[in-house]
Amino acid sequence: MSVAVAQVYDNITDADGVAGLDRPLLNFAISLRSPLLDMILTGYTEIAGPIGMPIIAIAAILILAIHRQSWTPVILIVAAGGGSLLMTIAGKDLFGRDRPPLADAVPPYEYSASFPSGHTLNAVAVVGVIAYLLILRQKTFRARTVTISAAAIFAITTGLNRVYLGHHWATDVLGAWMLGAAWLALVITAHRLYLTVRVLRDGPDPSRPALHSVTAAHKTRPRREHVAPPTKPASGETDV
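The sequence shown begins at 11 in the working numbering and counts up by one.
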């Protein structure tokens, strides 16, 4: 993902490759605009903005941490959100790309650098890790599919919305999707490694029903009696 992001930005600086789609996609988005749709999508984009996303993250931390009586949701959501924020700030300062012209944007206007899209990056990283925490306790394939699909749809539509409003070029959103996915993968992988090390060190957690039932079944399994093999009768004896 990191290599792909570098390739995207290389296309931007050289004004070729996928960067050649930026202007045509923005023109297409402009052709779809209407006053009602502009108002709806302006409100929608605030969900992943600097006010909406912290509210979602704090609410998820409180609900999941209290319900599970665990610090894991706090650590993972803070890590995902903090990394997303740092990458957004560093990326904008490092690349300093100009946003689309204000004449092509829907107010309220934004004036910070354009690459990467912070709203999109937050949507992928923060909502993605919340979805991960939810599916850890979901037992059915259907529930997990719905959770993952909802998170993916939110991340995708947030990025497309930024292009529609003219606040970002398409490649800003593409880079943010990749960066967010890379950071989300690192956070989840770190958690999985931690769980693996803990199980290897301490054994299965008896509070987990699946592991507890397997362990209990193993402990209560009756032992098979050892039956000695028949001995060959000594010489001169009759084998009855």
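Every residue, glycine too, gets a C-beta built ideally from N, C-alpha and C.
Under a three-way DSSP split, which group does residue i fall into?
| i | result |
| --- | --- |
| valine 18 | helix |
| valine 116 | coil |
| proline 45 | helix |
| valine 224 | In this prediction, valine 224 has a pLDDT of 35, which is less than 50 and means its spatial position is unreliable; what the coordinates show is noted afterwards. Helix at valine 224. |
| proline 208 | Here residue 208 is arginine; the residue named in the question, proline, does not match the sequence. Reduced to three states, the DSSP call for arginine 208 is helix. |
| methionine 188 | helix |
| valine 13 | helix |
| phenylalanine 105 | helix |
| glycine 27 | helix |
| arginine 147 | coil |
| glycine 93 | helix |
| tyrosine 54 | helix |
| serine 159 | helix |
| proline 193 | According to the sequence shown, residue 193 is tryptophan rather than proline. Correct three-state label for tryptophan 193: helix. |
| lysine 229 | Confidence at lysine 229 is low in this model, with a pLDDT of 44, below 50, so the placement of that residue should be treated as unreliable; the coordinate-derived value is given next. Three-state result, lysine 229: helix. |
| histidine 129 | helix |
| glycine 169 | helix |
Roughly how many angstroms separate the alpha carbons of residue i and residue j, rounded to a whole number?
| i | j | result |
| --- | --- | --- |
| alanine 200 | threonine 150 | 24 Å |
| alanine 220 | proline 118 | Low local confidence applies: a pLDDT of 45 at alanine 220 is under 50, so the model's placement there is unreliable, and no value is given. |
| glycine 101 | leucine 210 | 39 Å |
| proline 83 | alanine 113 | 42 Å |
| leucine 96 | serine 12 | 15 Å |
| proline 34 | arginine 43 | 15 Å |
| glycine 30 | glycine 185 | 15 Å |
| alanine 69 | histidine 77 | 12 Å |
| valine 116 | arginine 154 | 36 Å |
| leucine 170 | threonine 55 | 10 Å |
| valine 224 | threonine 130 | Reliability of the predicted coordinates at valine 224 is poor, the pLDDT of 35 falling under 50, and the value obtained from them is presented with this limitation in mind. Going from the Cα of valine 224 to the Cα of threonine 130 covers about 42 Å. |
| leucine 175 | phenylalanine 38 | 11 Å |
| valine 18 | glycine 190 | 14 Å |
| serine 94 | threonine 167 | 18 Å |
| glutamine 148 | threonine 52 | 33 Å |
| isoleucine 71 | aspartate 24 | 42 Å |
| valine 28 | leucine 36 | 13 Å |
| isoleucine 65 | glycine 59 | 10 Å |
| leucine 74 | aspartate 26 | 45 Å |
| alanine 120 | glycine 62 | Note that residue 120 is glutamate in the sequence shown, not alanine. Those two C-alpha atoms are separated by around 16 Å. |
| aspartate 48 | asparagine 132 | 22 Å |
| alanine 141 | leucine 194 | 11 Å |
| threonine 98 | valine 15 | 13 Å |
| arginine 109 | tyrosine 204 | 40 Å |
| aspartate 212 | leucine 146 | 20 Å |
| alanine 162 | alanine 67 | 17 Å |
| tryptophan 187 | histidine 178 | 13 Å |
| leucine 143 | arginine 172 | 27 Å |
| leucine 46 | isoleucine 40 | 14 Å |
| isoleucine 22 | alanine 192 | 20 Å |
State the CB to CB distance for the pair residue i and residue j, rounded to an integer number of angstroms; the pair is presumed to be in contact (CB under 8 Å).
| i | j | result |
| --- | --- | --- |
| valine 139 | valine 197 | 6 Å |
| aspartate 20 | threonine 181 | About 11 Å separates the two Cβ atoms, so there is no contact after all. |
| valine 134 | alanine 165 | 5 Å |
Check your understanding: Counting pairs of beta carbons, one from the segment 124-134 and one from the segment 104-111, are three or more of them closer than 8 Å?
Key -> Touching, yes.
Check your understanding: Does the count of Cβ pairs from the segment 149-167 and the segment 80-97 closer than 8 Å reach three?
Key -> Proximity of the segment 149-167 to the segment 80-97 falls short of the contact definition, fewer than three beta-carbon pairs being nearer than 8 Å.
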